[in-house]
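Peer 1: If you're matching them up, the sequences are chains E and S in order.
Its first residue numbered 1, the first sequence is counted upward by one per residue in the working numbering.
Its first residue numbered 1001, the second sequence is counted upward by one per residue in the working numbering.
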Amino acid sequence: MDGSKTLRVEEYVITEEPYYEPVGNEVEVFEAAYRNKLPVMLKGPTGCGKTRFMQYMAWKLKRPLITVSCHDDLTSSDLVGRYLVKGGETVWVDGPLTRAVKAGAICYLDEIVEARKDTTVVIHPLTDDRRILPIEKRGEIIKAPDEFMLAISYNPGYQSVLKDLKHSTRQRFISIDFTYPPKELEKKIVMQESGVDGDTAEALVTLGEKIRNLKDKGLEEGASTRLLIYAGMLINSGIEPAKAAEIAMANPVTDDADMLRAIRELITTVF
Amino acid sequence: MPTFEEVRSQLLRILGQTSFGEDVMDVRFTGFHYARGLRSIDEAVPGLAELQNSVLEVIYALGEKLAKRDKEMAFNFFMTAPDAVTHFSVEDLEKWVELGLELADAYGVVPARNFFKGITRETIEKIHSHGLEFQDVARVLEIYMNALSGDKLGVQEAHESYTDTRTVFLPSKVEEFESDELNFRVYKVMAAYRYAQLRYRSLEPRLGRMEELINELQQRYGRSVSSEREGLENFIHLFPEEQLALDIFSVVEGARIERNLRREFRGIARDMDMLLEREWERRPEPERLGEREGVIEGLMQLLTYGRTKGELTGERAEVVRRAHELVQEMLQKERPTVEDSCRVTAEIYRLVEERLPASPYPGFRNVPFRGVIKPEQVTAGLKKTKKEMAQKLESILEELDIEKPPDIDSMIQHAFNEVPDPLAYGAPLDFLFRLGLDIPDEVQEEILREIEKLLGELGEIDASMLMKVLDSAGRKIRANIQARVTEFQVELTEEDMRDAYMYDEWDYKVGNYRAAWCALKERVMPKGSDRFVEKTLEKHSGLVSLIRRQFEMLRPDYRRLFKQMYGEEIDLDAFVEAFADMKAGATPSEKLYIKIDKKDRDIAVAFLVDLSGSTTGWVIETEKEALVLMCEALEVLDDKYAIFGFSGKTRKQCDFYIIKRFDEPYDDTVKQRIAGMDAFDYTRMGPPIRHVTRILEETPAKIKLLIVLSDGKPEDFDEYKGDHGIEDTKKALIEAKRKQIRPFCITIDTEARDYIQRMFGEIGYIILDDVAKLPRKLPEIYRRLTT
Ligand SMILES: Nc1ncnc2c1ncn2[C@@H]1O[C@H](COP(=O)(O)OP(=O)(O)O)[C@@H](O)[C@H]1O
Ligand SMILES: [Mg+2]
Chain E
1 MDGSKTLRVE EYVITEEPYY EPVGNEVEVF EAAYRNKLPV MLKGPTGCGK TRFMQYMAWK
61 LKRPLITVSC HDDLTSSDLV GRYLVKGGET VWVDGPLTRA VKAGAICYLD EIVEARKDTT
121 VVIHPLTDDR RILPIEKRGE IIKAPDEFML AISYNPGYQS VLKDLKHSTR QRFISIDFTY
181 PPKELEKKIV MQESGVDGDT AEALVTLGEK IRNLKDKGLE EGASTRLLIY AGMLINSGIE
241 PAKAAEIAMA NPVTDDADML RAIRELITTV F
Chain S
1001 MPTFEEVRSQ LLRILGQTSF GEDVMDVRFT GFHYARGLRS IDEAVPGLAE LQNSVLEVIY
1061 ALGEKLAKRD KEMAFNFFMT APDAVTHFSV EDLEKWVELG LELADAYGVV PARNFFKGIT
1121 RETIEKIHSH GLEFQDVARV LEIYMNALSG DKLGVQEAHE SYTDTRTVFL PSKVEEFESD
1181 ELNFRVYKVM AAYRYAQLRY RSLEPRLGRM EELINELQQR YGRSVSSERE GLENFIHLFP
1241 EEQLALDIFS VVEGARIERN LRREFRGIAR DMDMLLEREW ERRPEPERLG EREGVIEGLM
1301 QLLTYGRTKG ELTGERAEVV RRAHELVQEM LQKERPTVED SCRVTAEIYR LVEERLPASP
1361 YPGFRNVPFR GVIKPEQVTA GLKKTKKEMA QKLESILEEL DIEKPPDIDS MIQHAFNEVP
1421 DPLAYGAPLD FLFRLGLDIP DEVQEEILRE IEKLLGELGE IDASMLMKVL DSAGRKIRAN
1481 IQARVTEFQV ELTEEDMRDA YMYDEWDYKV GNYRAAWCAL KERVMPKGSD RFVEKTLEKH
1541 SGLVSLIRRQ FEMLRPDYRR LFKQMYGEEI DLDAFVEAFA DMKAGATPSE KLYIKIDKKD
1601 RDIAVAFLVD LSGSTTGWVI ETEKEALVLM CEALEVLDDK YAIFGFSGKT RKQCDFYIIK
1661 RFDEPYDDTV KQRIAGMDAF DYTRMGPPIR HVTRILEETP AKIKLLIVLS DGKPEDFDEY
1721 KGDHGIEDTK KALIEAKRKQ IRPFCITIDT EARDYIQRMF GEIGYIILDD VAKLPRKLPE
1781 IYRRLTT
């Protein structure tokens, strides 16, 4: 814990414009939410641009971005902060959430369902009009400045009953829906991000589209934009297209042998 | 037995050189055995010299064949041949060589050389198999087809390959190649070809788009169109020699869609080339065929290969040249359509008729993967789709309470046939307007939006797409409309309430519960055949062992829980934190231990199965099979589970069937009760959900799961329909959720989406579009839900 270097919040400021292609009016909606100090939930399958969008918005709104990837061992101390002992002294170290609040940053809790329920509760007071963060151990309450914003991401694809976003948490956020970008746009993104040529990008997007056709027909989630980009990157570094697509787009989406076989056949259809 | 020298001189004759080497690539990829550098043909001789002369003759002949392709491949063959004869008959030897040559054709000589370096078990299996059976790859093909088309096309086996626009038919067996992998490619190209026929609207020419031509043909041949037939069949029927017209059409239209298909999918283009190259050997010389047949064959060859086999002479040559020109002209167009193909077909037909009069036409066999076109099947398929469309429209109208035209079926047929081009670029809604329906604005807008989307994507739409549009528009609208609940209620009698559990029912209109409204009675499911479970296990034996293995992996591991009040070990992290807190003057936590937890999976699951009348037959039987597999899987774990069923008629009679209680073992009694499960009456979902909730409440477990299996929306004989039923069911599920029970719904219903989203959206659900998937899916869902 204490071995890791603690970045100062200013270091989270994004100075260069991240590449982001708006798909709908999500940019405007997010800005409106920001102006009205409303917390936002980004809803959508993994790999469709949520994280990238956050980076873009942070840049656009000129706020630092602090991202926390949630996992099931994440405790509220991990978010809020804790006392550490250093050479007989105790020092309080702010957690990422506290730092974000103090600095008026945007705090993005990625994949919030992965966090334990008792952890999720600490964000509640920040999400209503009080906008406060109680730090129990220090007996303090921090009021969030106007610039502070909280965003979470959530993938509604059906999941384990052991993990689900509590209603009381969910209803505190306005939600923006994310899906895979439309064909032309996705092609552009794949070209831009992986550096492949137009034909290859088009083939990858076509393949993605065909694989997504299988959603609800046996696949839980189709191949994400991220996976298309990965395949593109592999191709760009000299791996044979069909092999690259298999590694990046078939194997990650299913274990069902017939399904895998069919997807491989799709790959050799497209390439 | 031959002498060393005899064998050696034969090898030298065939191979033309004495030594063969491995290049560096080979050394790297094939390991050490053959990678020692140069090898001499002398090494091959001793093994061969042991063989009978008769066998050797065969081997020489085969080696010669291979040497023509690649000398090193032949050398490897000679090296391995003595070993091969111990595994294979003479016939199999030929197959073995054939396999290697196929490999060389498909992947190049390097893998083929390696192939002959030894005999693997895989090779032996391949040689002993005879062709690829449709049944072995049916599921893969279906998935493949669904992915390609984005639609739910069925895949079925038949004598020939064709499609009726609803189902893709493929041959029961492909034995074109020795290797099944290549045989599969034949299936794949066939499937892709059928997809192209549908995607590029090959089978749905619109007479309205070629009125002039149709009139002309009608006059010339004195035959007419009929509403009994769809576009393609009508078109072909206009010609006196239908078979000739159809064959011309399939060659011309084939050229059009193949070009599109090649552009869309590079891989398919490659596979088609491979098959076509092989096919070339088998094509007849057009000059040797009958006149008309020769012309069609010649045209096909020219379009496919850019050349003909042998020279064409006289009239024949002229006709083929002109026909080829016509097709080329058409292909020059920016976006040739199927109607263009029809026009060209008519011209070529006329050409043949005039230039080659009175010659008989026995028919023509196209390249196999192109399949056949069956106009009458296409008609039947389209009619069926239209019929369904009519029913959809009808039910939308019904729900909307719109005045319904008396015979919507024939109206749709009429609109499709008589209205020129109802679905063309400009005014897609024309069709609906012509039906004379007074459709509310919102529906129109909804439909328009969908149609525009499709037009944007494809430039045009066809019957099955319009159907989809109607479908989704209708569903959306329906979801928003307040269903008019018929005010029909029944009274409860003393008798009804005796021994019954009474449950409230939610009245969404009043926003309150109706107290003790439904009478639910528990019944033990009557026993059925004791062979059912056995048979199911036999039928799914592969799946059963797979599922069991998967479930074994779910067995709980020991797990360390951090920050506990009590436990076997001290949690150092927690301790340090508490220490720091203490020093800083904050209240330290008392949770300082790590507990080793072995019973992490403390799960109780209740399956609640819809036994309403609509599940009769196939659905219920499959549900039962799925339950058997589920039980087999659950027996591997310690999870507590119970199975219940429900059905009933009105609030007087909510039947709740016990199949397996939580405390009952999975024994013969339970197995027979599963076998006894049957479809009964209606689907009043609220009361049974509330009853299971009560049972689960009394069952101790950390995690409680309620899995509802249903095949449609809640519906009872009385007012329990539409919104009332949906809202009550939703309420019952929310009540369960409040009691820390996690409901999850599996619905077998392709049209369920809107209300399902309403009922279970907050809760978790999955829709299966095909009940056949249930036995595989149910355990899988359970597994995912609990990991
Ligand atoms: N609209 C978009 N504009 C630019 N890049 C995008 C867009 N959508 C997806 N991407 C690309 O896809 C990748 C995966 O997206 P990411 O934001 O990590 O997904 P998520 O957070 O939703 O799982 C990004 O790294 C980016 O390259
Ligand atoms: Mg992400």
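Every residue, glycine too, gets a C-beta built ideally from N, C-alpha and C.
1. Under DSSP, the beta strand (DSSP E) around V1137 (chain S) begins and ends at which residues?
2. What's the gap between the Cα of Y1765 (chain S) and the Cα of E1125 (chain S)?
3. Any idea if V1090 (chain S) is buried or exposed, counting beta-carbon neighbours within 10 angstroms, 16 or more meaning buried?
4. Check whether chain E comes within 7 Å of G1150 (chain S), counting only Cβ atoms and requiring the distance to be less than that.
5. Give me whichever residues DSSP pairs with S69 (chain E) in a beta bridge.
6. With a threshold of 16 other CB atoms inside 10 Å of the CB of I135 (chain E), please say whether the residue is buried or exposed.
7. With the cut-off set at 7 Å, would you say A1732 (chain S) and L1706 (chain S) are in Cβ contact?
8. Using a cut-off of 8 Å between C-beta atoms, extract the partners of L185 (chain E) located in chain S.
9. Over what stretch of residues does the alpha helix (DSSP H) that includes A1584 (chain S) continue unbroken?
10. According to DSSP, is E1187 (chain S) helix, strand or coil?
11. Shorter than 7 Å from the beta carbon of N1260 (chain S) to some beta carbon of chain E?
12. Please list, in chain order, the chain S residues whose beta carbon lies closer than 7 Å to that of K277 (chain E).
13. Do you know whose CA, among E:L133, E:Q171 and E:D118, lies nearest L74 (chain E)'s CA?
14. Leaving out five residues before and five after A1298 (chain S) in sequence, what residues of the same chain have Cβ atoms less than 6 Å from its Cβ?
15. Under 7 Å between C-beta atoms, does R1166 (chain S) make it to chain E?
16. For chain E, find out if any of its Cβ atoms is closer than 7 Å to the Cβ of A1483 (chain S); answer yes or no.
17. Apply the 10 Å Cβ neighbour rule to A1255 (chain S) and answer buried if 16 or more other Cβ atoms are within range, or exposed otherwise.
18. Buried or exposed: which applies to H1130 (chain S), given that a residue is buried once 16 or more other Cβ atoms fall within 10 Å of its Cβ?
19. Check T1683 (chain S) in the structure and name its three-state DSSP category.
20. Contact between the region 1582-1602 of chain S and the region 94-101 of chain E is defined here as three or more beta-carbon pairs at a separation below 8 Å; is this criterion met?
21. At 4 residues or longer, what runs of the alpha helix (DSSP H) sit wholly inside the region 1302-1381 of chain S?
22. So, helix, strand or coil for K1167 (chain S), using DSSP?
23. What are the start and end residues of each continuous beta strand (DSSP E) run of 3 or more residues lying completely inside the region 1635-1707 of chain S, in chain order?
24. Could you tell me whether the Cβ atoms of K1640 (chain S) and A1604 (chain S) are closer together than 7 Å?
25. When you compare each of S:E1697, S:T1729, S:Y1720 and S:G1063 to V1708 (chain S) by their alpha carbons, which one comes out closest?
26. Within the same chain, show all residues whose beta-carbon is closer than 8 Å to that of A115 (chain E), passing over the 5 residues directly before and after it, in chain order.
27. Answer yes or no: the CB of K50 (chain E) versus the heavy atoms of ligand 1, is any distance below 6 Å?
28. Where does the unbroken alpha helix (DSSP H) through Q1052 (chain S) begin, and where does it stop?
29. Tell me the start and end of each unbroken alpha helix (DSSP H) in the region 1186-1261 of chain S that is at least 4 residues and wholly inside, in chain order.
30. Any idea which residues DSSP pairs R1560 (chain S) with across the strands?
31. With a threshold of 7 Å between beta carbons, is E1577 (chain S) in contact with chain E?
32. Of all the options S:V1058, S:L1103 and S:L1051, which has the alpha carbon lying nearest to the alpha carbon of T1086 (chain S)?
33. Taking 6 Å as the line, does the beta carbon of T332 (chain E) fall inside it for any heavy atom of ligand 1?
34. Rounded to the nearest angstrom, what separates V1140 (chain S) and T1120 (chain S) at their Cα positions?
35. Pairing CB atoms from the region 1262-1277 of chain S with CB atoms from the region 1289-1298 of chain S, are three or more of them under 8 Å?
Peer 2: Per the coordinate set shown:
1. On the second sequence, position 137 is the one that residue 1137 (chain S) refers to. First-last for V1137 (chain S): F1134 to S1149, but that is the alpha helix (DSSP H), not the beta strand (DSSP E).
2. What you label residue 1765 (chain S) is simply residue 765 of the second sequence in a count that begins at 1. What you label residue 1125 (chain S) is simply residue 125 of the second sequence in a count that begins at 1. Spanning the two alpha carbons is a distance of roughly 43 Å.
3. The count along the second sequence starts at 1 and reaches residue 1090 (chain S) at position 90. So V1090 (chain S) ends up on the exposed side.
4. Here residue 1150 (chain S) is taken as the residue at index 150 of the second sequence, counted from 1. By this cut-off, G1150 (chain S) is an interface position.
5. Taking the first sequence and counting its residues from 1, one reaches residue 69 (chain E) at position 69. The partner list for S69 (chain E) (beta bridge, DSSP) reads E:D110.
6. Residue 135 (chain E) sits at position 135 when you count from the first residue of the first sequence. Buried, because 16 or more other Cβ atoms sit within 10 Å of the Cβ of I135 (chain E).
7. Along the second sequence, one-based indexing puts residue 1732 (chain S) at 732. Along the second sequence, one-based indexing puts residue 1706 (chain S) at 706. No; because the gap between Cβ atoms is not below 7 Å, this pair is not in contact.
8. As a first step, residue 185 (chain E) is located in the first sequence; it is residue number 185 there, counting from the start. Ordered by position in chain S, no residue passes the 8 Å Cβ test against L185 (chain E), which lies about 14 Å from the chain.
9. Indexing the second sequence from 1 puts residue 1584 (chain S) at position 584. First-last of the alpha helix (DSSP H) with A1584 (chain S): L1572 to A1584.
10. Locating residue 1187 (chain S) in the second sequence gives position 187, where the first residue counts as 1. Before going further, note that residue 1187 (chain S) is Tyr rather than Glu in the sequence given. Helix, per DSSP.
11. As a first step, residue 1260 (chain S) must be located in the second sequence, where it is residue number 260. By this cut-off, N1260 (chain S) is not an interface position.
12. Chain E is shown from 1 up to 271; residue 277 (chain E) falls before or after that span and cannot be answered.
13. What you label residue 74 (chain E) is simply residue 74 of the first sequence in a count that begins at 1. The residue with the shortest Cα to Cα distance from L74 (chain E) is E:D118.
14. Position 298 of the second sequence holds residue 1298 (chain S). Residue 1298 (chain S) is actually Gly in this sequence, not Ala. Hits under 6 Å: P1286, T1308, L1312 and V1320.
15. The residue given as residue 1166 (chain S) occupies position 166 in the second sequence. No, no contact with chain E.
16. Along the second sequence, read from residue 1 onward, the residue named residue 1483 (chain S) stands at position 483. Only weak support exists for where A1483 (chain S) lies, its pLDDT of 34 falling under 50; the coordinates are left without a value.
17. Residue mapping note: residue 1255 (chain S) aligns to position 255 of the second sequence, counting from 1. A1255 (chain S) is buried by the Cβ-count criterion.
18. Residue 1130 (chain S) sits at position 130 when you count from the first residue of the second sequence. Exposed.
19. The count along the second sequence starts at 1 and reaches residue 1683 (chain S) at position 683. Strand at T1683 (chain S).
20. no
21. 1314-1332 and 1338-1355
22. For this step, residue 1167 (chain S) is matched to residue 167 along the second sequence. One point to set straight first is that residue 1167 (chain S) is Thr, not Lys, in the sequence displayed. Strand at T1167 (chain S).
23. 1640-1649 and 1653-1660
24. Position 640 of the second sequence, counted from the start, is the residue given in the question as residue 1640 (chain S). Position 604 of the second sequence, counted from the start, is the residue given in the question as residue 1604 (chain S). Their beta carbons are under 7 Å apart, which means K1640 (chain S) touches A1604 (chain S) by this criterion.
25. Numbered from its first residue, the second sequence carries residue 1708 (chain S) at position 708. Closest option to V1708 (chain S), Cα to Cα, is S:T1729.
26. Numbered from its first residue, the first sequence carries residue 115 (chain E) at position 115. Same-chain partners within the cutoff: C70, H71, D72, L74 and L109.
27. The residue labelled residue 50 (chain E) in the question sits at position 50 within the first sequence. Correct: K50 (chain E) has its Cβ closer than 6 Å to ligand 1.
28. Position 52 of the second sequence holds residue 1052 (chain S). Where Q1052 (chain S) is concerned, there is no enclosing alpha helix (DSSP H), given that its DSSP letter is neither H nor E.
29. 1211-1221 and 1231-1237
30. Counting from one through the second sequence, the residue named residue 1560 (chain S) turns up at place 560. Answer by DSSP bridge pairing, in chain order: S:I1596.
31. Translated into the one-based positions of the second sequence, residue 1577 (chain S) becomes position 577. By this cut-off, E1577 (chain S) is an interface position.
32. Counting from one through the second sequence, the residue named residue 1086 (chain S) turns up at place 86. Nearest option by C-alpha distance: S:L1051.
33. Residue 332 (chain E) falls outside the range modelled here, since chain E spans only 1 to 271, and no answer is possible.
34. For the purposes of this step, residue 1140 (chain S) is taken as residue 140 along the second sequence, with counting starting at 1. For the purposes of this step, residue 1120 (chain S) is taken as residue 120 along the second sequence, with counting starting at 1. Near 26 Å, if we compare the C-alpha coordinates of T1120 (chain S) and V1140 (chain S).
35. no
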